[in-house]
Structure formats: structure tokens, C-alpha cells
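A.B. asks: Start counting the sequence shown at 72; every next residue gets the next number (the working numbering).
All C-beta atoms in this analysis are idealised placements derived from N, C-alpha and C, irrespective of residue type, glycine included.
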Amino acid sequence: RIQDTFNFGAILRCCDGANVLAVVVGDHGQALVTPHVARSSAGAVNHIAVVQSPDLIATARRLQSLGWQLVAADCNATQCVWNSPLKGLTVLIIGSEARGIRPELLEICDQRVRIPMHGQVTSLNAAVAAGILLYEIRRQQLSAAAF
């Protein structure tokens with residue numbers, strides 16, 4: 072439920088850079104693919120499948136049943152992303168800028184991870200957090216593939 076078009080575009084750009092298979096979004100409360108999104112994605116919107124789901128929880132459960140792990144970006148998590156096993160098939164869940172991840176969705180996640188924050192603020196912009204987490208997931212996956 073990313074609402075800001077610039078954040079949505081930046082997330083799509085990060086997804087393309089990390090070679091993400093698809094982005095799943097809700098069918099309401101979500102920024103639509105607009106010219107602003109296309110511009111801020113630097114054209115990545117043309118290379119990433121954006122799938123709209125009427126029920127994100129059902130979609131998440133279906134992906135889990137197919138062997139994907141659900142990993143929630145949660146600034147309140149005790150598990151640091153650097154110490155989390157992210158080598159397998161992974162669905163990264165990023166919450167809305169205003170409310171985060173819905174509690175019902177957070178509850179079914181296999182892992183909740185946080186990005187260590189060393190300053191005074193406790194969270195990052197959704198697009199920045201997505202970029203950091205996507206590249207840590209990809210780093211671990213590529214490291215596992217090397218063996």
C-alpha cells in the first residue's frame with residue numbers, strides 16, 4: 072500500500088536493479104502506475120511485472136504454500152537483516168508510509184527484519200528501506216549460488 076508515487080517508482084527502480092520477478096500491490100490504497108511513477112522508476116515500470124491483488128493476505132499465503140518465505144520490513148523487529156537467512160525464494164513485504172504493514176499480514180510472515188539504525192530516527196523512507204533490503208536479499212542469494 073505504497074501511496075507516494077515517487078516512492079513507488081523508486082521501489083520499482085530498485086526491484087529492476089535487483090532483478091525482482093514481480094511486484095504485488097493491493098487494489099486499493101496503493102499508488103497507481105502513473106507518469107510520475109514511470110518517471111521516478113527511470114523506466115523500470117516497463118520491465119517489472121506489477122500484479123494487483125484484491126487480497127494481499129491470500130496472495131501471501133498462496134506464495135508461502137509454493138515455498139516462498141515472507142519477510143517483513145519491520146523497524147520494531149528484533150532480528151537484524153544482516154543476520155537473517157534470506158537465501159531462498161523470498162517475498163519482501165514493505166508497509167505503507169503512514170501505517171506500515173497491516174497486523175494481519177505481519178502475523179503470517181516467516182521473518183521480521185530491521186535495518187540497523189545508528190542515529191536518532193528509528194526508520195527509513197519506504198523506498199530506501201526497500202532498496203537496502205532487496206540488495207541484501209540478492210547478495211545472500213548470489214552468495215549461496217556460488218557454492
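Considering only the beta carbon of each residue, do cysteine 151 and threonine 193 sit closer than 8 angstroms?
C.D. replies: Not in contact: cysteine 151 and threonine 193 (Cβ atoms no closer than 8 angstroms).
A.B. asks: Let me know the alpha helix (DSSP H) ranges lying completely inside the region 111-159, each 4 residues or longer, listed in chain order.
C.D. replies: Runs of the alpha helix (DSSP H) inside the region 111-159: 127-136.
A.B. asks: How about glutamine 101 and arginine 132: are their beta carbons less than 8 angstroms apart?
C.D. replies: Result no, Cβ atoms of glutamine 101 and arginine 132 do not sit closer than 8 angstroms.
A.B. asks: So, using beta-carbon positions, are histidine 118 and threonine 76 closer together than 8 angstroms?
C.D. replies: For histidine 118 and threonine 76, no; Cβs fall outside 8 angstroms.
A.B. asks: For the alpha helix (DSSP H) containing isoleucine 164, name the first residue and the last one.
C.D. replies: Taken as a continuous stretch (DSSP letters only), isoleucine 164 belongs to no alpha helix (DSSP H), being part of the beta strand (DSSP E) at 161-164.
A.B. asks: Tell me the start and end of each unbroken beta strand (DSSP E) in the region 159-208 that is at least 3 residues and wholly inside, in chain order.
C.D. replies: As far as the region 159-208 is concerned, its whole beta strand (DSSP E) runs of at least 3 residues are 161-164, 182-185.
A.B. asks: With H, G and I counted as helix, E and B as strand and the rest as coil, what does DSSP make of alanine 89?
C.D. replies: In the structure shown, alanine 89 sits in coil (DSSP, three-state: anything other than H, G, I, E or B).
A.B. asks: Does the structure place the region 188-208 close enough to the region 155-171 that three or more beta carbon pairs sit under 8 angstroms?
C.D. replies: These segments touch.
A.B. asks: Mapping DSSP to helix, strand and coil, what is valine 108?
C.D. replies: Valine 108 falls in the helix class under three-state DSSP.
A.B. asks: Going by alpha carbons, who is nearest to cysteine 85 out of Leu103, Asp98, Ala113, Thr105?
C.D. replies: Nearest of Leu103, Asp98, Ala113, Thr105 to cysteine 85, Cα basis: Ala113.
A.B. asks: Is it true that the CB of valine 184 sits closer than 8 angstroms to the CB of alanine 144?
C.D. replies: Going by C-beta atoms, alanine 144 is nearer than 8 angstroms to valine 184.
A.B. asks: Any idea which residues DSSP pairs glycine 97 with across the strands?
C.D. replies: Note: glycine 97 sits in a beta bridge opposite Ser124.
A.B. asks: Taking only three categories from DSSP, how would you classify alanine 81?
C.D. replies: It is helical.
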